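Asks: Here the sequence shown stands for residues 0 to 282, where the numbers follow numbering that gives the first Met the number 0. Next up is a structure, given as structure tokens.
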Amino acid sequence: MNDAAGPALLLSAEDVPPVHEFNAAGRSPFLLTCDHYGRLIPRVLGDLGLPERELTRHIAWDIGIAGVAEALSRHLDAHLIVQRYSRLVIDCNRPPHVASSIPRISEATTIPGNEGISREAAAIRRAQMFDPYHRRIDEIIDQRGNAAMPTVLVALHSFTPVYAGIVRPWHIGTLYHRDKHLPPRLLQALRAEGDLVVGDNEPYAVSDETDYTIPVHGEARGLMNTGIEIRQDLISDPAGEKAWAERLARILGEVEEMLRKQQLIASRQGNGRVPLQLAADRD
Numbered sequence: 000m001n002d003a004a005g006p007a008l009l010l011s012a013e014d015v016p017p018v019h020e021f022n023a024a025g026r027s028p029f030l031l032t033c034d035h036y037g038r039l040i041p042r043v044l045g046d047l048g049l050p051e052r053e054l055t056r057h058i059a060w061d062i063g064i065a066g067v068a069e070a071l072s073r074h075l076d077a078h079l080i081v082q083r084y085s086r087l088v089i090d091c092n093r094p095p096h097v098a099s100s101i102p103r104i105s106e107a108t109t110i111p112g113n114e115g116i117s118r119e120a121a122a123i124r125r126a127q128m129f130d131p132y133h134r135r136i137d138e139i140i141d142q143r144g145n146a147a148m149p150t151v152l153v154a155l156h157s158f159t160p161v162y163a164g165i166v167r168p169w170h171i172g173t174l175y176h177r178d179k180h181l182p183p184r185l186l187q188a189l190r191a192e193g194d195l196v197v198g199d200n201e202p203y204a205v206s207d208e209t210d211y212t213i214p215v216h217g218e219a220r221g222l223m224n225t226g227i228e229i230r231q232d233l234i235s236d237p238a239g240e241k242a243w244a245e246r247l248a249r250i251l252g253e254v255e256e257m258l259r260k261q262q263l264i265a266s267r268q269g270n271g272r273v274p275l276q277l278a279a280d281r282d
């Protein structure tokens with residue numbers, strides 16, 4: 000289909016809300032986000048002109064990360080906030096002004112329902128999916144700050160083992176830009192496992208031009224932050240999801256202990272509006 004004009008109302012009463020939360024009362028300092036948790040498409044957009052086989056590929060969502068994120072939230076007693084619609088409708092980890100926000104092509108697949116999309120239609124997708132998700136993350140950070148609850152932002156993702164014909168050897172990667180505190184300690188803990196090929200800003204690096212969640216909710220608000228990417232073939236079934244959630248819970252628990260011993264997680268933290276913690280570390 001072609002959505003050039005776009006519907007006046009994207010989500011109907013039959014569509015689920017884009018934002019979903021798990022363990023909202025969790026007491027962990029880790030706040031978990033999952034931008035590419037789901038692959039739903041609003042009914043009015045049909046299938047975006049794609050066959051089902053494309054809508055189950057990595058271009059539509061982060062395969063396996065939903066199960067990992069939910070289990071990790073339980074293990075850590077951490078609040079998890081997720082976005083349930085496909086990144087092909089709008090990518091909630093891209094600045095809205097960039098071309099990849101509503102992709103016309105993903106890897107080598109043309110997305111017919113995104114071709115020729117009008118500014119008005121794009122604005123509706125942002126207003127009904129992107130904005131509620133990021134507004135809710137902002138609200139949660141505010142609430143935690145007002146309650147003097149430390150917040151360490153962890154954005155959870157997964158990556159395809161082969162992209163554009165290039166094999167990716169890493170089992171897991173830590174993604175970051177300005178934070179000098181959490182990523183090196185997480186890298187240290189991951190490498191100490193001994194059996195992992197660990198990516199240091201691989202398969203991606205965070206930047207203001209290509210990312211949204213970490214730059215806006217982590218860096219701009221002065222929170223310790225990192226992205227975590229797990230290779231999708233390792234979490235493609237429930238057993239893999241379970242194993243990696245348990246492993247990450249143990250590793251992040253060790254990292255939390257390090258941060259507390261080094262007094263990088265304090266008993267009180269500001270409301271997140273002023274980036275005090277990372278101000279001295281900015282490039």
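Using N, Cα and C, we set each Cβ at its ideal position, and we do this for glycine too. None of the values given here were measured: they were computed from a predicted structure.
Whole angstroms is fine: what's the gap from G115's alpha carbon to R184's?
Replies: If I take the Cα positions, the gap works out to 45 angstroms.
Asks: Okay, do the region 130-150 and the region 159-173 touch, 3+ Cβ pairs below 8 angstroms being the bar?
Replies: No contact exists between the region 130-150 and the region 159-173.
Asks: Pick from E106, M148, P214: whose alpha carbon is nearest that of H78?
Replies: Closest option to H78, Cα to Cα, is M148.
Asks: What residues are listed by DSSP as bridge partners for E228?
Replies: Answer is H156, G172, bridged to E228.
Asks: Helix or strand or just coil, what does DSSP make of I40?
Replies: The answer is coil: DSSP assigns I40 none of H, G, I, E or B.
Asks: Could you work out which residue in A65, H180, T173, A244 is closest to L258 when comparing CA atoms only?
Replies: Considering only alpha carbons, the answer is H180.
Asks: For V15 versus L39, is the C-beta spacing smaller than 8 angstroms?
Replies: A contact, by the Cβ cut-off of 8 angstroms.
Asks: Would you decide whether S117 is buried or exposed? Buried here means 16 or more other CB atoms lie within 10 Å of its CB.
Replies: Exposed, because fewer than 16 other Cβ atoms sit within 10 Å of the Cβ of S117.
Asks: From the DSSP output, in three-state form, read off Y211 for me.
Replies: If DSSP states are grouped into helix, strand and coil, Y211 belongs with coil.
Asks: Reducing DSSP to helix, strand and coil, say where A147 ends up.
Replies: Correct three-state label for A147: coil.
Asks: Taking three-plus beta-carbon pairs below 8 angstroms as touching, is the region 39-53 in contact with the region 207-219?
Replies: No: the two stretches stay apart, fewer than three of their Cβ pairs being nearer than 8 angstroms.
Asks: Can you say whether I264 is buried or exposed, counting buried as having 16 or more other CB atoms within 10 angstroms of its CB?
Replies: I264 is buried by the Cβ-count criterion.
Asks: With respect to the beta strand (DSSP E) encompassing G66, which residues constitute its N-terminal and C-terminal limits?
Replies: Here G66 belongs to no beta strand (DSSP E); instead the alpha helix (DSSP H) covers 64-75.
Asks: Using a threshold of 8 angstroms, state whether the C-beta atoms of I101 and V153 are closer than that.
Replies: Against a cut-off of 8 angstroms, the Cβ pair of V153 and I101 comes out as no contact.
Asks: Sort out for me which residues DSSP pairs C33 with in a bridge.
Replies: DSSP lists V81 as partners of C33.
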